[in-house]
Ligand SMILES: Cc1ncc(C[n+]2csc(CCOP(=O)(O)OP(=O)(O)O)c2C)c(N)n1
Ligand SMILES: [Mg+2]
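Protein chains in written order, with the numbering used here: chain A, 126 to 703; chain B, 262 to 422.
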């Protein structure tokens, strides 16, 4: 597919790449990546990939960004992939380079992000001997990759790269790893490229069973209290327009999961917010009281269902998903619709009719008014929620927002309102601290003309802060927000509420001065401790063309509400004092 | 939910690491492996694994779906959902002083098992059959003093076409 695009958009380059020259494995790799339409690769060199980096040195068409840590490289590739819908690519050396990718691979795997990960390995002849910097990375990553290859013959390389892109970007997407021994990257062979793909054991279901769609439509017709639960699958399938049409036609209130945010416009009246542990009151109540729950590209994660036995007790469940293994995995499913979410919705839209949902909608609208998200604002403190709201208002909800993991992530999910798909980037399944900032770098490179805001905690900011260097050097204009509560806030909240205020190892006092840290790297740093300073600093950040870090010193003891404790059903919500 | 024994057949690409992929999937998701056999299939480049596992209907469905997600897995069949033939081979070495041998040979013959090696103090018995038969043979030989057992795991096939 991408090859076709390249063929169409850049005939000259295409012709050059397709020459049947005798070239090294490294050159074959680069040509194959370019043929897949790759325009940006994140990586870090080392012994086992020296031939590859040598080939990069001699290749003017290949765009590579040197990060300061392999974890930064893979999270950047991930942010690039999530924000563009294209496959993200990163390169690392054998041993420690490869193992530094592991967290990033697991992060992408959990959230179904298409990545192709290239690792070097020791010489084929040395594999298995505990050679210098040898690690069995295909073995280590088997449970966290969609597929992996250890390249044994340079003649297989171009085919493997092509297959890897196909597998990563079709069906339920995910990371694919290609491990290349050093000798394979040096050996020469004639370049051949076959655009055809045939993998016998891999045929993702695209078209759904028509009968199940009929059953779904019938269930909608019979329902009095239907609800849609839309997840990341909607975003990944590019089905946001089809979903909007489906909701408009059927008049069904819609909830977006943490990864589904942006897959349905928050400005739509039928949107109820996010479900689960920190979901909105109305979304959780709607799930518990509905008689038909339509999961669309959502996998009923335990942070959504909480106590599964009491989840959606009155509902018939329909589930649209590209991965058959997700259907019926967690909740008993009456109507399974396996297929590409976009295709399923397209088909359903042909015959979809309004549900008899007026009374139900009225009930939920009343609930939304009565129990909105709220926090106690004041002029003495800078509240984290206020900072997020301010960022939302000043960017008119049009920015790409990435987050790290913790309280700030939940506040960002609650108080930044999205209307576009692929604008909200967060580590949901794995909950990886250190993800947010490097992901923003990738998102910015994939979306050069959009504003990218990275919202981080003061804890997570220190997990990949080294990438400030590449923002400065390459003038990557990410606006880096630190919600600085001087504490591992989310852990503090649990220790307060569940562990009777026994605060164990959550104090972050003694963290670096983030403004000075940014400046040490050559990134502009600003600080705000109250509302007025916050507005001023944020405006200045927006007016500054390059990267800026803004350290918002916020109230330490703020909690995220609503909150559902583990072991409770989602309608047993703690609402806080405000 | 009733947990029952299932014999599943998995047709896989004969690729390095494929056994690891399948075994690690079972381990990681908490599925039990009672026995596993792997060997070449009727088709060049493909191997067949037979795994005996247990679980209820829901678990079996998950096992099959999760296996299908592996790129190297081509076909998964719950053989035990059909009329099937299931065979296992075991070698059992038993203490057997010459005086007791006739008695042991009697037991072995009624089981249509065979004696494949004799040494001054022991004999080696080979038994072929379904797992129940192998188990029964072992039980019967135990009183004489079993020195070592090795079992192949189950090979199985659906009856008929
Ligand atoms: C790599 C990693 N380690 C530990 C955790 C557990 N954890 C989840 S939230 C959190 C606190 C994060 O603190 P901070 O970055 O300051 O964000 P805040 O919650 O204060 O907004 C921790 C430690 C995690 N999610 N990821
Ligand atoms: Mg914090």
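Ideal Cβ positions, reconstructed from N, Cα and C, are used throughout, including at glycine.
Neighbour flag for residue i against chain A, beta carbons, 9 Å
i: residue 289(B); result: yes
i: residue 285(B); result: yes
i: residue 329(B); result: yes
i: residue 267(B); result: no
i: residue 333(B); result: yes
i: residue 326(B); result: yes
i: residue 314(B); result: no
i: residue 409(B); result: no
i: residue 277(B); result: yes
Chain B within 9 Å of residue i, Cβ atoms only
i: residue 126(A); result: In this predicted model, residue 126(A) has a pLDDT of only 47, less than 50, meaning its place in the structure is not dependable; the value taken from the coordinates is given anyway. No - not a single Cβ of chain B is within 9 Å of the one on residue 126(A).
i: residue 416(A); result: no
i: residue 155(A); result: no
i: residue 268(A); result: yes
i: residue 322(A); result: no
i: residue 332(A); result: no
i: residue 303(A); result: no
i: residue 395(A); result: no
i: residue 555(A); result: no
i: residue 275(A); result: yes
Neighbour-count burial assignment, residue i, 16 or more Cβ in a 10 Å radius
i: residue 336(A); result: exposed
i: residue 483(A); result: exposed
i: residue 361(A); result: buried
i: residue 328(A); result: exposed
i: residue 534(A); result: buried
i: residue 208(A); result: buried
i: residue 246(A); result: buried
i: residue 319(A); result: exposed
i: residue 288(B); result: exposed
i: residue 370(B); result: exposed
i: residue 380(B); result: exposed
i: residue 145(A); result: exposed
i: residue 699(A); result: exposed
i: residue 581(A); result: buried
i: residue 263(A); result: buried
Contacting residues, own chain, Cβ-Cβ under 7 Å from residue i (five flanking each side not counted)
i: residue 126(A); result: Confidence at residue 126(A) is low in this model, with a pLDDT of 47, below 50, so the placement of that residue should be treated as unreliable; the coordinate-derived value is given next. Around residue 126(A): no qualifying Cβ.
i: residue 186(A); result: 138, 159
i: residue 298(A); result: 237, 238, 239, 361
i: residue 552(A); result: 232, 236, 530, 560
i: residue 395(B); result: 349, 351, 388, 412
i: residue 266(A); result: 227, 230, 273, 302
Beta-carbon proximity list for residue i, same chain, < 6 Å, skipping 5 on both sides
i: residue 648(A); result: 593, 596, 597, 672, 674
i: residue 411(B); result: 352
i: residue 156(A); result: 142
i: residue 613(A); result: 584, 631
i: residue 623(A); result: none
i: residue 377(A); result: 351, 353, 480
i: residue 398(A); result: 405, 408
Residues that residue i contacts on chain A, provided the C-beta gap is smaller than 8 Å
i: residue 274(B); result: 325, 326
i: residue 281(B); result: 264, 267
Residue i: contacting residues in chain A (beta-carbon distance under 9 Å)
i: residue 299(B); result: Here the premise fails: no neighbours, minimum Cβ distance about 16 Å.
i: residue 406(B); result: The premise fails here: residue 406(B) is roughly 41 Å from chain A at the closest Cβ pair, so nothing lies under 9 Å.
Chain-ordered chain B contacts of residue i [CB-CB under 7 Å]
i: residue 454(A); result: 323
i: residue 272(A); result: 332
Chain-ordered neighbours of residue i on chain B, where CB pairs are closer than 8 Å
i: residue 450(A); result: 323, 326, 327, 329, 330
i: residue 292(A); result: 332
Own chain residues within Cβ distance below 8 Å of residue i, not counting five before or after
i: residue 248(A); result: 256, 306, 307, 308
i: residue 369(A); result: 389, 390, 393
i: residue 345(B); result: 268, 417, 418, 419, 420
is_contact[residue i, chain D] using C-beta, thresh 9 Å
i: residue 347(A); result: Checking the listed chains, one finds no chain D in this structure; the protein chains it contains are A and B.
Practice item. Mind the definition here: the segment 456-474 of chain A touches the segment 327-345 of chain A only if three or more C-beta pairs lie below 8 Å; say whether that holds. Key: yes
Practice item. Take every Cβ of the segment 386-405 of chain B, pair it with every Cβ of the segment 357-372 of chain B, and state whether three or more of those distances are shorter than 8 Å. Key: yes
**Study point:** the segment 553-565 of chain A touching the segment 498-508 of chain A, judged by at least three CB pairs closer than 8 Å
**Key:** The count of Cβ pairs closer than 8 Å, one atom from the segment 553-565 of chain A and one from the segment 498-508 of chain A, stays below three, leaving the stretches out of contact.
Check your understanding: At a cut of 8 Å, does the segment 277-286 of chain B reach the segment 427-443 of chain A through at least three beta carbon pairs?
Key -> The segment 277-286 of chain B, when compared against the segment 427-443 of chain A, does not touch it at the 8 Å Cβ threshold.
Check your understanding: Touch check for the segment 599-617 of chain A and the segment 674-694 of chain A: three-plus C-beta pairs under 8 Å?
Key -> yes
Review point. At a cut of 8 Å, does the segment 172-189 of chain A reach the segment 536-554 of chain A through at least three beta carbon pairs?
Key: Between the segment 172-189 of chain A and the segment 536-554 of chain A there are fewer than three inter-stretch CB-CB distances shorter than 8 Å, so the stretches are not counted as touching.
Check your understanding: Any contact of the segment 320-335 of chain B with the segment 447-457 of chain A, i.e. 3+ C-beta pairs under 8 Å?
Key -> yes
**Study point:** Touch test, the segment 161-174 of chain A against the segment 217-225 of chain A, Cβ-Cβ under 8 Å, three pairs minimum
**Key:** Yes, they touch.
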